[in-house]
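K.L.:
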Amino acid sequence: MTVTEIALLRVHAGITDATLQDTLSGATTVQEAWHARTFPDRPSSAAARAVACFRGIDDETQILLTTSWGSVEEHWAWIRSEDNKQVMEGTDLTKILANQGPPNTPGGLGLFHLDANIFGSTHATAAASQDTIALLDSPVISVEQFVASMEKAAYPHLVRSGRVVDREVEGEEFMLISGWSCVESHTQEFASSSESFLFSQLAGIASSVETRHYRRFL
142 MTVTEIALLR VHAGITDATL QDTLSGATTV QEAWHARTFP DRPSSAAARA VACFRGIDDE
202 TQILLTTSWG SVEEHWAWIR SEDNKQVMEG TDLTKILANQ GPPNTPGGLG LFHLDANIFG
262 STHATAAASQ DTIALLDSPV ISVEQFVASM EKAAYPHLVR SGRVVDREVE GEEFMLISGW
322 SCVESHTQEF ASSSESFLFS QLAGIASSVE TRHYRRFL
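In my numbering, the protein residues as written are 142 to 359.
1. Is it buried or exposed for Ile220, if we count other Cβ within 10 angstroms and need 16 for buried?
2. For Glu146, write down the residues that DSSP places opposite it in a beta bridge.
3. Is Val228 helix, strand or coil when you go by DSSP?
4. Where does Gln241 sit, in a helix, a strand or coil, going by DSSP?
5. Within 10 angstroms of the Cβ of Trp210, are there 16 or more other Cβ atoms? Answer buried if so, exposed if not.
6. Quick one: is Val192 buried, meaning 16 or more other Cβ sit within 10 Å of its Cβ, or exposed?
7. Give me whichever residues DSSP pairs with Ala188 in a beta bridge.
8. Would you mind sorting Ala188 into buried or exposed? The rule is 16 or more other CB atoms within 10 Å of its CB.
9. In this structure, how does DSSP classify Phe260 when only helix, strand and coil are distinguished?
10. Arg196: which of Ile156, Glu230, Asn245 sits nearest, CA to CA?
11. Helix or strand or just coil, what does DSSP make of Phe195?
12. Would you tell me roughly how many angstroms separate the C-alpha atoms of Lys236 and His254, rounded to the nearest one?
13. How about Ala239 and Thr208: do their beta carbons lie closer than 8 Å?
14. So which of Ser186, Leu205, Thr145, Asn258 has the shortest CA-CA distance to Gly251?
Below, the structure written as structure tokens:
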């Protein structure tokens with residue numbers, strides 16, 4: 142299953158776009174060559190794998206990198222490869238990155254994989270109509286991690302979400318399952334909290350929203 146890598150980096154203040162372009166394009170070239178050797182039967186160009194880099198508008202030290210991979214394991218194979226180690230140690234990348242430590246740890250970069258080809262050819266084809274602009278052609282993109290706010294409100298109970306893949310409906314259908322100490326923790330405490338803001342935005346663009354509460358008896 143194709144996944145989309147979302148890597149959230151931080152660079153030192155004062156790094157120019159030109160420096161970022163030179164450094165990251167060099168790293169991308171190395172990655173392309175590794176991908177072509179490792180998966181010779183698959184497209185390996187940056188364009189084919191929807192490689193793209195974005196910079197924060199409000200905070201220019203924030204960088205978002207994205208790439209389409211055949212699987213999460215495929216991406217980790219690149220991360221652990223000697224080619225990637227050489228990129229990290231032998232280029233100017235380490236000089237501009239402010240992140241230190243493993244991914245998803247304090248001080249480390251944020252690394253996520255989405256279960257869809259967000260920026261790749263599937264979405265580019267869907268965006269071919271005259272009234273639609275592909276994500277990679279948009280002047281600005283927004284990224285909202287709406288589950289994060291629910292997790293904070295529901296803690297210590299678990300929150301899980303997923304896209305429904307076995308039903309035919311108009312549009313996309315998602316399901317968010319959260320644990321709560323009681324119904325009121327959801328309908329009253331969370332609903333009146335500041336953390337509910339992003340969830341209310343999500344519900345506002347949905348064509349329908351249905352909420353039910355259950356208790357376990359077996």
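Even for Gly, the Cβ is constructed at its ideal location relative to N, Cα and C.
P.N.:
According to the structure data:
1. Result: exposed.
2. In DSSP, Glu146 forms a bridge with Thr208, His254.
3. Judged by DSSP in its simplified three-state form, Val228 adopts helix.
4. It is coil, neither helix nor strand.
5. The residue in question, Trp210, is buried, as its Cβ has 16 or more Cβ neighbours within 10 Å.
6. Looking at its Cβ environment, which holds 16 or more other Cβ atoms inside 10 Å, Val192 is buried.
7. Looking at the DSSP assignment, Ala188 forms no beta bridge with any residue, so it has no partner.
8. Looking at its Cβ environment, which holds fewer than 16 other Cβ atoms inside 10 Å, Ala188 is exposed.
9. Here Phe260 carries a coil assignment [DSSP, helix/strand/coil].
10. Nearest option by C-alpha distance: Ile156.
11. The answer is strand: DSSP assigns Phe195 an E or B state.
12. A direct Cα-Cα distance of roughly 26 Å separates Lys236 from His254.
13. When the beta-carbon positions are compared, Ala239 and Thr208 stay at least 8 Å from each other.
14. For the residues Ser186, Leu205, Thr145, Asn258, the minimum Cα distance to Gly251 belongs to Leu205.
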